[in-house]
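Reading through the structure tokens given below for one structure.
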Amino acid sequence: MEKLIFPEDFVWGTATASYQVEGATREGGRSESIWDTFPRKPGAVYAGENGDIGSDQYHRYAEDAALMAKLGLKSYRFSIAWTRILPGGSGKINPEGVAYYRRLCEELHKYDITACATLYHWDLPQVLQDKGGWTNRSVLSAFEEYVKACYETLGDLVDTWITINEPYCIAYLGHLYGNHAPGMRDLEKALAVVHHVNMAHGIAVREYRKTNLKAPIGITWNLDTPRPATLKPEDKKAADIARAIHTEVFLFPCLGKSYPELVTKELGLAFPIENGDMETIAQPIDFIGVNYYFENAVTFDENALFKFSVEPSWQEKTVMGWHIVPAGLERQLEWIAEISRAVKFSDGSCKNELPIYITENGFAREDIVTSDDRVHDKERIEYLQKHFTVCADAIKKGIPLKGYYLWSLVDNFEWAFGYTRRFGIIHVDFVTLKRTLKDSAFFMRDVIAGFGEW
Ligand code: IFM
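For the sequence shown, this note's numbering assigns the number 387 to the initial residue and increments by one for each residue that follows.
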């Protein structure tokens with residue numbers, strides 16, 4: 387029997403995002419975001435589904451907080467909808483929107499659950515998209531107004547801040563591969579978005595440091611660090627290029643370095659950098675958030691856009707089509723710990739190491755409630771056991787891993803897949819909105835209580 391040991395102050399949490407769980411899209415003075423409009427494009431989202439109802443957390447946050455408490459969860463990572471705080475994208479603050487997040491944080495605090503707020507998890511106000519969205523540098527002044535409004539109105543209640551969730555998805559899924567809002571397929575625009583999103587992160591941290599708030603602030607990246615499919619030098623290079631274009635373009639500038647040469651020289655790609663931008667981006671952060679789901683094997687491919695392509699692999703897949711590779715998490719944690727050693731930020735400050743949080747990790751499957759009113763999601767538990775083992779080992783090896791947020795608390799709207807992919811440890815009946823704890827929720831409870839053994 388294996389017994390996992392985690393430090394007592396290890397942060398066990400779950401994560402969600404505004405558009406995926408809140409619903410109530412026409413309530414509380416909220417305006418439309420790009421994720422309200424995107425599902426209206428034919429074929430963009432499975433069966434044209436949208437987040438109008440989501441998991442109805444806007445109305446059921448108290449019930450969800452009570453369920454978190456029942457499971458012993460210590461932190462809740464949610465995101466703030468820009469469209470609720472500044473419905474005009476910039477300008478007037480909407481008190482009703484602020485009031486919702488205040489209610490949510492207060493409810494969490496009732497149970498000693500900390501509030502970990504992500505400022506941007508993909509729901510850009512549509513009014514800003516109409517002016518070019520993230521491709522237009524002017525979005526940055528609106529973003530600055532928005533983050534200042536969040537600090538001013540919610541700063542006394544938020545315990546941890548995350549600037550941006552998964553810049554990779556914003557830039558590439560939204561603007562190059564086209565499967566996320568706003569659905570563009572344009573390399574030049576995608577590279578502009580890479581840079582503007584990095585800038586937005588820097589601006590959020592810069593403005594935060596001007597306040598008196600003391601809660602930690604960091605960023606969440608989904609690192610794409612594929613392994614080479616063979617030992618051939620060209621495949622190793624393909625893996626390096628993939629990591630550079632999909633991952634290092636975000637990490638390097640935020641950690642005080644230039645954009646990677648494999649991208650600027652080898653691939654010959656350019657970013658719309660203006661004077662002072664690299665300094666703006668490299669603000670001192672307090673931690674790094676890592677979202678991990680899978681790892682791919684890649685080979686060199688002369689004909690591919692970035693000269694690599696993903697190869698088939700042998701591991702079992704989740705219903706997302708993602709290979710289950712716990713060893714990939716181990717490799718990523720080692721890589722990120724190495725990259726974030728002795729970091730020098732633009733204000734001259736240095737950090738020898740940065741605390742790391744897994745801000746998302748989870749498993750989608752076709753969960754059904756059985757006649758005993760339970761959900762027996764054995765494969766999710768097995769997935770978690772393997773990934774928790776990697777986390778415990780990483781801590782033993784000295785990697786500064788401080789917490790783990792499972793994706794997700796409740797089943798929710800999974801972007802282009804609509805409601806067809808269930809990631810929750812709490813089942814949501816999308817007709818009645820009834821919550822049912824899955825077996826994995828009880829497993830999480832036991833792990834948090836110190837009985838993570840199997
Ligand atoms: O649902 C998403 C989340 O919004 C961002 N990270 C990955 C999750 C699963 O796809």
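Each residue gets a CB set at the ideal place from its N, CA and C atoms; glycine is no exception.
Just so it is clear, the structure is predicted and the values come from calculations on it, not from any experiment.
Check, Outcome
"Please identify the residue among Arg613, Gln701, Pro614, Trp607 whose C-alpha is closest to the C-alpha of Tyr678.", "Trp607"
"Is the distance from the Cβ of Thr539 to the Cβ of Ala503 below 9 Å?", "no"
"Taking buried to mean at least 16 other C-beta atoms within 10 Å of its own C-beta, is Lys534 buried or exposed?", "buried"
"Looking at Phe809 and the ligand IFM, is the gap between the Cβ and the nearest heavy atom below 8 Å?", "yes"
"So, Phe692 versus Thr685, is the Cβ gap smaller than 9 Å?", "no"
"Closest to Cys640 by CA distance: which of Leu823, Lys737, Trp801, Leu617 is it?", "Lys737"
"For Gln406 and Lys517, what's the separation of their Cα atoms in angstroms?", "25 Å"
"According to DSSP, is Ile420 part of a helix, a strand, or is it coil?", "helix"
"Who are the Cβ neighbours of Ala668 in its own chain at under 6 Å, not counting the five residues just before and after it?", "Gly642, Phe731, Ser732"
"Verify whether the separation of the beta carbon atoms of Arg463 and Tyr487 is less than 9 Å.", "no"
"If we require 3 or more residues per run, which beta strand (DSSP E) segments fall completely within the region 596–628?", "603–607"
"Might you give, ordered along the chain, the residues of its own chain that have their beta carbon closer than 7 Å to the beta carbon of Pro473, omitting 5 neighbours on each side?", "Gly415, Arg416, Ser417, Asn480"
"May I ask you to list the residues that DSSP assigns as paired with Trp793?", "Ala401"
"What is the rounded straight-line gap between the Cα of Trp840 and the Cα of Val833?", "10 Å"
"Residue range of the beta strand (DSSP E) that Tyr447 falls in?", "Per DSSP, Tyr447 belongs to no beta strand (DSSP E); it is in the alpha helix (DSSP H), 443–457."
"Let me know if Val729 comes out buried or exposed under the rule of 16 or more other beta-carbons within 10 Å of its beta-carbon.", "buried"
"Are the Cβ atoms of Ala780 and Leu719 separated by less than 9 Å?", "yes"
"Excluding sequence positions up to five away, which residues of its chain have a Cβ less than 7 Å from the Cβ of Glu421?", "Contrary to the premise, residue 421 reads as Trp rather than Glu in this sequence. Correct list, in chain order: Tyr405, Gly437, Trp508, Asp509, Ala567."
"Of all the options Phe774, Glu765, Phe636, Asp758, which has the alpha carbon lying nearest to the alpha carbon of Tyr743?", "Phe774"
"Regarding Ala503 and the ligand IFM, is the C-beta to nearest heavy atom distance less than 8 Å?", "no"
"Which of the three DSSP states, helix, strand or coil, is assigned to Glu493?", "helix"
"Which same chain residues end up closer than 8 Å to Leu819 when comparing Cβ atoms and leaving out the 5 residues on each side of it in sequence?", "Ile439, Ser441, Asp442, Arg446"
"Any heavy atom of the ligand IFM closer than 8 Å to the beta-carbon of Tyr462?", "no"
"Looking only at its chain, what residues have a beta carbon closer than 7 Å to the beta carbon of Leu637, apart from the 5 residues adjacent to it on each side?", "Trp607, Ile725"
"Could you work out which residue in Pro614, Ser524, Ser826 is closest to Trp793 when comparing CA atoms only?", "Ser826"
"Exposed or buried, what is Ser419 when buried is set at 16 or more other beta-carbons lying within 10 Å of its beta-carbon?", "buried"
"Indicate, with yes or no, if the ligand IFM has a heavy atom lying under 8 Å from the CB of Ala451.", "no"
"Could you work out which residue in Glu493, Val676, Leu505 is closest to Ala403 when comparing CA atoms only?", "Leu505"
"Can you check which of these residues, Lys783, Phe828, Cys491, is closest to Asp542 by C-alpha distance?", "Cys491"
"Quick one: grab the DSSP three-state call for Arg727.", "coil"
"Please say whether Pro612 and Glu702 have beta carbons closer to each other than 9 Å?", "no"
"Identify the residues that DSSP records as bridge partners of Leu823: which are they?", "Ile812"
"So is the beta-carbon of Gly748 under 8 Å away from any non-hydrogen atom of the ligand IFM?", "yes"
"Are the region 709–719 and the region 643–652 touching by the rule of at least three beta carbon pairs closer than 8 Å?", "no"
"Would you say the beta carbon of Ala467 comes nearer than 8 Å to a heavy atom of the ligand IFM?", "no"
"Hey, quick one: how far does the alpha helix (DSSP H) through Val525 stretch, first residue to last?", "525–540"
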